[in-house]
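Right, one structure below, let's go through it.
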Amino acid sequence: MRIDRLLCYLRFAKTRSQAHQLVDEGHIRCNGNRIERDSYTVSVGDVLVLPIGSGVTVIEILSIPERRGPPAVAQSCYRVLDPQGERP
């Protein structure tokens with residue numbers, strides 16, 4: 003799945019336009035590689051580093067959602083790998 007669509011479905015961005023903007027800023031990494039285009043394909047097992055707010059969140063993709071659903075469904079599709087790195 004494209005990273006811009008995935009970020010929207012997982013509720014890290016409200017719209018695909020905002021997800022595209024996150025990717026364009028160049029701070030998102032997938033498996034240690036910098037993502038430079040919003041059409042980058044992400045699959046199950048990939049580790050993403052996301053700049054969220056004033057912190058950084060590291061997540062592992064557990065499943066690919068079919069659509070943008072409720073927050074509980076979105077959160078079940080990934081696992082936070084560095085919970086101490088999260089900011090309230």
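Just so you know, we're using the numbering used here here: the sequence shown kicks off at 3 and counts up by one. Glycine included, C-beta positions come from ideal geometry on N, C-alpha and C.
Check whether Val60 and Leu83 have beta carbons under 7 Å apart: yes
Going by Cα to Cα distance, which pick from Pro72, Asp48, Gly55 is closest to Val64? Rather than Val, the amino acid found at residue 64 in this sequence is Leu. Leu64 has its Cα closest to that of Asp48, out of Pro72, Asp48, Gly55.
Under the three-state DSSP convention, the category Ala74 falls into: helix
Buried or exposed (CB count within 10 angstroms, at least 16 for buried), Val46 = exposed
| said: Measuring straight from C-alpha to C-alpha, what distance separates Glu62 and Ser19? | reply: 23 Å
Taking contact to mean 3 or more Cβ pairs, one atom from each stretch, closer than 8 Å, check whether the region 74-81 and the region 8-17 are in contact.
yes
*Report the three-state DSSP secondary structure of Cys79 (helix, strand or coil).*
coil
Which value, in whole angstroms, describes the spacing of the CA atoms of Glu68 and Pro53?
24 Å
* To do: Indicate whether at least one CB of chain D lies closer than 7 Å to the CB of Val60.
  => No chain D appears in this structure, which consists of one protein chain only.
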